[in-house]
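S.K.: Pasting a structure below so you can have a look.
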Amino acid sequence: AVPLVVAISTAVSAKKGLLIRNRTAFENSRKITKIIFDKTGTLTKGEFGVTRIKSIIDSVSDDELLTIAASVEGNSEHPIAGGIVKASREKEIKLDEPSNFENITGKGIQADLNGKKIEIVSPGYLKEKDFDIPENAFENDSETVVFVISDGDLLGYLALADGIREDSYDAVKTLKERGINIVMATGDNEKVAKAVSKELGLDNYYAEVLPEDKQKIIKDLQNEGEFVAMTGDGVNDAPALAQADVGIAVGSGTDVAAETADIVLVNSNPKDIANLILFGAATYKKIM
Ligand code: ADP
Ligand code: MG
4 AVPLVVAIST
14 AVSAKKGLLI
24 RNRTAFENSR
34 KITKIIFDKT
44 GTLTKGEFGV
54 TRIKSIIDSV
64 SDDELLTIAA
74 SVEGNSEHPI
84 AGGIVKASRE
94 KEIKLDEPSN
104 FENITGKGIQ
114 ADLNGKKIEI
124 VSPGYLKEKD
134 FDIPENAFEN
144 DSETVVFVIS
154 DGDLLGYLAL
164 ADGIREDSYD
174 AVKTLKERGI
184 NIVMATGDNE
194 KVAKAVSKEL
204 GLDNYYAEVL
214 PEDKQKIIKD
224 LQNEGEFVAM
234 TGDGVNDAPA
244 LAQADVGIAV
254 GSGTDVAAET
264 ADIVLVNSNP
274 KDIANLILFG
284 AATYKKIM
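Residue numbering for the sequence shown follows my numbering, starting at 4 and increasing by one per position.
Structure follows, in structure tokens:
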């Protein structure tokens, strides 16, 4: 007989960096009725480019806003941070060094910079803190928008765009053919989520989802009788990956997620995820 891993390697391009931690869950792929994908870095490339920078304060130029944002984002590993830092490099902007950097889980980041407390945050966080959303912030449906706050004053926003992965179309097609319902969960704003979901022809999406909400989403679906697979890429996804019937940790640098997942895939290509699911289902049949 062909060893399992060798056989999978023919179906999945991830020849290295695939780990089946829970074989039963893997074989339970045949029961999956719903899969919840991450957006950023899974269905999309996770390579953000800055499309607009807008200061709403007279005393702060757009370049100064970028300087502040990039200085703080230099400490973040989120793909949004990569896009903002890249934009500052293209303009050869010299960055300042922040201190006391912290993540605001699912909502952004904060740090001290030149004596001010800087927060770079999601639209959801802005609403929660009762800020007025600046006019034109959401003029493009496909843009992810983050807001810069300095000592409690809203300075402006940066808009970024990511692209859908070519392989996502194939993955959606493959899973749909199997009758699996495809859902996306993202921390990103409603408009982006809707645009990506529509473009890919997904069955549903959840936007502005906090990491801790993902577990509940899965639990509720399971209570409705769904057999749920989920992909997750972060430390905060561990509870949801554990809750899922088939939990798939994707991407590198996800030690905590990997420890609770049933399957670990170092790349986050949705086509590989779809093929894994087909393979898991086929493996079960063979054993019977
Ligand atoms: P996703 O993986 O779907 O992008 P996250 O939970 O990682 O969701 O992020 C949710 C939202 O929090 C982002 O869309 C953004 O608004 C905000 N956010 C997260 N990290 C950062 C960051 N480094 N800089 C600015 N905003 C961030
Ligand atoms: Mg994420």
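Glycine residues also receive a C-beta, built at the ideal position from the N, C-alpha and C atoms.
Return the CA-CA distance between G44 and K132, expressed in angstroms with no decimal places.
M.R.: Position 41 of the sequence shown, counted from the first residue, corresponds to residue 44. Position 129 of the sequence shown, counted from the first residue, corresponds to residue 132. Between G44 and K132, the C-alpha separation is close to 28 angstroms.
S.K.: How should K274 be labelled, buried or exposed, when 16 other C-beta atoms within 10 angstroms of its C-beta is the threshold for buried?
M.R.: Taking the first residue of the sequence shown as 1, we reach residue 274 at position 271. That one is buried.
S.K.: Quick check for students: name the residue ranges of the beta strand (DSSP E) that lie wholly in the stretch 148-200, counting only runs of 3 or more.
M.R.: Complete beta strand (DSSP E) runs here, min 3: 156-164, 184-188.
S.K.: Assuming D115 is part of the beta strand (DSSP E), what are its boundary residues?
M.R.: Locating residue 115 in the sequence shown gives position 112, where the first residue counts as 1. Unbroken beta strand (DSSP E) run through D115: 111-116.
S.K.: Quick check for students: name the residue ranges of the alpha helix (DSSP H) that lie wholly in the stretch 74-102, counting only runs of 4 or more.
M.R.: Within the stretch 74-102, the complete alpha helix (DSSP H) runs of at least 4 residues are 82-93.
S.K.: Would you kindly work out how many angstroms separate the C-alpha atoms of T286 and E50, rounded to a whole number?
M.R.: Against the sequence shown, residue 286 aligns to sequence position 283. Against the sequence shown, residue 50 aligns to sequence position 47. Spanning the two alpha carbons is a distance of roughly 35 angstroms.
S.K.: Would you check if the stretch 139-150 and the stretch 239-248 touch, i.e. whether three or more CB-CB distances between them fall below 8 angstroms?
M.R.: At 8 angstroms Cβ cutoff, the stretches do not touch.
S.K.: Whose C-alpha, out of D170, A174, L98, is nearest the C-alpha of L69?
M.R.: Within the sequence shown, residue 69 is the residue found at index 66, counting from 1. Ranking the options by Cα distance to L69, first place goes to L98.
S.K.: Within 10 angstroms of its Cβ, does N25 collect 16 or more other Cβ (buried), or is it exposed?
M.R.: Counting from one through the sequence shown, the residue named residue 25 turns up at place 22. The residue in question, N25, is exposed, as its Cβ has fewer than 16 Cβ neighbours within 10 Å.
S.K.: Hey, would you say F150 sits closer than 8 angstroms to L116, going by beta carbons?
M.R.: In the sequence shown, counting from the first residue as 1, residue 150 sits at position 147. In the sequence shown, counting from the first residue as 1, residue 116 sits at position 113. It is not a contact, given that the beta carbons lie outside the stated cut-off.
S.K.: Mind checking S171: buried by the 16 CB within 10 Å criterion, or exposed?
M.R.: Residue 171 sits at position 168 when you count from the first residue of the sequence shown. Burial call: buried.
S.K.: If distances are taken between C-alpha atoms only, which option among G77, L161, I280 comes closest to G52?
M.R.: Residue numbering aside, residue 52 sits at position 49 when the sequence shown is read from its first letter. The residue with the shortest Cα to Cα distance from G52 is L161.
S.K.: Using DSSP with H/G/I as helix, E/B as strand and the rest coil, what is T36?
M.R.: Position 33 of the sequence shown holds residue 36. The answer is coil: DSSP assigns T36 none of H, G, I, E or B.
S.K.: Quick one, are the C-beta atoms of V238 and A260 less than 8 angstroms apart?
M.R.: Translated into positions along the sequence shown, residue 238 becomes position 235. Translated into positions along the sequence shown, residue 260 becomes position 257. For V238 and A260, yes; Cβs fall inside 8 angstroms.
S.K.: Go ahead and pull the three-state DSSP assignment for T108.
M.R.: Taking the first residue of the sequence shown as 1, we reach residue 108 at position 105. In the structure shown, T108 sits in coil (DSSP, three-state: anything other than H, G, I, E or B).
S.K.: Using a C-beta cutoff of 8 angstroms, does Y209 count as contacting chain C?
M.R.: Considering every chain present, this structure includes no chain C. It has just one protein chain.
S.K.: Out of I83, N184, K222, I221, which has the shortest C-alpha to C-alpha gap to L205?
M.R.: As a working mapping, residue 205 is identified with position 202 in the sequence shown. Closest by alpha carbon: N184.
S.K.: With DSSP collapsed to three states, give me the class of K119.
M.R.: Position 116 of the sequence shown, counting from 1, holds the residue named residue 119. Three-state DSSP puts K119 in a strand.
S.K.: Using a Cβ-Cβ cut-off of 7 angstroms (strictly less than) and excluding sequence neighbours within five positions of L46, which residues of its own chain qualify?
M.R.: As a working note, residue 46 is residue 43 in the sequence shown. The answer, listed in chain order, is F40, I167, R168, S171, M187, V199, L203, P273.
S.K.: On the DSSP letters alone, give me the boundaries of the beta strand (DSSP E) that V212 sits inside.
M.R.: Along the sequence shown, one-based indexing puts residue 212 at 209. V212 -> no beta strand (DSSP E), and no H or E assigned at all.
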